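Protein chains in written order, with this note's numbering: chain P, 1 to 218; chain X, 219 to 436. All C-beta atoms, glycine included, are put in the ideal place defined by N, C-alpha and C. Please read these numbers as outputs of a predicted model, since none were measured by experiment. Below: one structure, written as structure tokens.
There are 2 protein chains.
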Amino acid sequence: MSTQVGSGGGGKGDQPAKRTRAAGERSRARVVEESARLATVEGLEGLSIGRLAETTGIAKSSVHALFGSKEVLQLATIEAARESFIAEVVTPAFGATRSGRERLLALCEGYLSYVERRVFPGGCFFVSASAELGGRPGRVHDAVARAQQEWRDLLEAEAKTAAEQGELPAGTDSTQLAFELGVLLAGTNIVSVLHDDSAAVTRARAAIRHRVDGPERA
Amino acid sequence: MSTQVGSGGGGKGDQPAKRTRAAGERSRARVVEESARLATVEGLEGLSIGRLAETTGIAKSSVHALFGSKEVLQLATIEAARESFIAEVVTPAFGATRSGRERLLALCEGYLSYVERRVFPGGCFFVSASAELGGRPGRVHDAVARAQQEWRDLLEAEAKTAAEQGELPAGTDSTQLAFELGVLLAGTNIVSVLHDDSAAVTRARAAIRHRVDGPERA
DNA sequence: CAGCAAATTGTACGGTCGTTCGTCTAGAAT
DNA sequence: ATTCTAGACGAACGACCGTACAATTTGCTG
């Protein structure tokens, strides 16, 4: 019955995927990684277990069995995208820069770079997911909303620190500033991807500078 | 064979849909209207001819026949949404306000009101469509990109007029201003829908005022 | 070594998708 | 009155979807 199972199990991957006890975890990671990439193009709802099985070389029934349901796969995909976002955007900004204005700018620049480098082929994962699931109830929507709220809270915390340290123009409302930066970045992602236009990112950089540092700086 | 054709054709709608020569046009309009509403929740790709047939009371095969293919239906849906956008946002701003700064503000306020009133259940049709199709090639992508470019060009034209009339703070780059307003509005739509949060719209209004009129106005 | 549990697989089921086809109806054209 | 044409229909298609299930392989454990 088995057509080519005896030849080596997993097959062509870098790891032979020996049938160790933790093999499941590795397969899950492989599927979820590909899933996050696909979701920014096809959408979280447009994800297909069958297509995921093809591109990862894992049987369709296995992909399903690894997660139990499509919804769980979607939730796992969101978690993977969240970790990727933290690694690509948040951690670099926290590593080399002081808190306050400098870190706030580093977060924004990290985001724009993350969009520019197309870490995900369809741009920011969470902007795609937010637009897709914004109007629908359910656990998947809630997970996306939670991750997005986390991101905006992070921007707000740094803006508040910057304000307290007197690094922002007098009278700056840090909550309002964080809101504006958040929607500016999200909107820029949309325009940048839709028109495949890097000028949008450049314009966003100018807007951020101007908004954070004020009209001076002659 | 015919179960209930003789009773009146269309059936329960407000119009009996008499089999006049323009009946097809009316059916198309009915489908396309429902389609635009559905697309902001299910997505343009998630649209289903079968579901559209159910909610409009038209046979599935008829819905398909009216357009010829799903892609043509999607393009017709985009055109219908564009007309709705013009009627809800653009025309009011052009009717009662002078060109320049006042009209620019009226366009922004019209957009925010259009989002707030949930003219489409999933928020701005074109933000949803842009995020969904941003990373994909094809005629549907191009139609969305064209409509969005039209909208941004409109903002830019009014910003330029306002600048020429000296209604903006000295040294304002009208192209940059139009970009910032466009992405701010799009980002606000996403946040507003995702968290069902009307405070986002309020914050957007404050941001627009501040960005257009400058820091004065004590 | 024997036995258990996790990992993986093939097969199959019911459902929905977009699309095709043949047919019927009824206004428009001749 | 006859022909033409567009609208609307039900039925059926192949494809793909998510899911269910039994079977098999394989590493770990007693």
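Judged by their CB atoms, X:Leu270 and X:Val259 are not nearer to each other than the 8 Å cut-off. Distance between X:Val362 and X:Phe344, taken at the CA atoms: about 7 Å. For P:Ile58, the three-state secondary structure derived from DSSP is coil. Of the other Cβ atoms in all chains shown, 16 or more fall within 10 Å of the Cβ of P:Gly182; this residue is therefore buried. For the options X:Leu293, X:Arg321, X:Ala314, the alpha carbon positioned closest to that of X:Gln383 is the one of X:Arg321. Taking 8 Å as the cut-off, the Cβ atoms of X:Val249 and X:Arg319 do not count as close. X:Ser410 sits close to X:Ala418, with the two beta carbons spaced by under 8 Å. No residue range can be given for X:Pro433, since it is assigned to no alpha helix (DSSP H) and is classified by DSSP as neither H nor E. Here P:Thr55 is near P:Glu34, since their CB atoms are less than 8 Å apart. The Cβ of X:Ile408 sits closer than 8 Å to at least one Cβ of chain P. Per DSSP, the continuous alpha helix (DSSP H) segment holding X:Asp371 begins and ends at 357-382. In the three-state reduction of the DSSP assignment, P:His64 falls in the helix class. Within chain X, the C-beta atoms nearer than 7 Å to that of P:Arg136 come from Val259, in chain order. With contacts defined by Cβ atoms closer than 8 Å, P:Ile78 and P:Ala147 form a contacting pair. With fewer than 16 other Cβ atoms inside 10 Å of its own Cβ, P:Glu71 counts as exposed.
Relative to X:Thr420, the option among P:Asp197, P:Ala207, P:Thr175, P:Arg205 whose CA is nearest is P:Thr175. The C-beta separation of P:Ser198 from P:Glu116 comes to about 7 Å, placing the pair in contact by the 8 Å criterion.
Contact of X:Leu402 with chain P by beta-carbon distance below 8 Å involves Glu180, Val183, Leu184, Gly187. Spanning the alpha carbons of P:Ala178 and P:Ile208 requires a straight line of approximately 11 Å. Annotated as proximal: X:Ser302 and X:Ala254, with beta-carbon spacing under 8 Å. Taking 8 Å as the threshold, the shortest C-beta distance from X:Arg421 to chain P falls below it.
With a threshold of 8 Å between beta carbons, P:Pro92 makes no contact with chain X.
Annotated as proximal: X:Leu325 and X:Leu372, with beta-carbon spacing under 8 Å. Contact with chain X is found for P:Leu194, since one of that chain's Cβ atoms lies less than 8 Å from the residue's Cβ. Legend: CB atoms of the region 339-350 of chain X lying less than 8 Å from CB atoms of chain P belong to residues Pro339, Gly340, Gly341, Val345, Ser346, Ser348, Ala349, Glu350. Against X:Gly264, the close residues of chain P are Gly43, Glu45, Gly46, in the order they occur along the chain (beta-carbon pairs closer than 8 Å). For a Cβ distance threshold of 8 Å, nothing in chain P lies close to X:Gln383: the least Cβ distance comes to about 21 Å. When Cβ-Cβ separations below 8 Å define contact, P:Ala29 makes no contact with chain X.
For P:Gln148, at least one C-beta of chain X is nearer than 8 Å to its own C-beta. Listed along chain P are Leu194, His195, each with a C-beta nearer than 7 Å to that of X:Ala363.
Contact with chain P is absent for X:Ala375, since none of that chain's Cβ atoms lies less than 8 Å from the residue's Cβ.
Secondary structure of P:Ala106 (DSSP, three-state): helix. Against chain X, a Cβ distance below 9 Å from P:Gln74 picks out nothing, because the smallest value is about 14 Å. Collapsing the DSSP output to three states places P:Arg117 in coil. Residue contact check for P:Ala87 against chain X: no CB pair falls below 8 Å.
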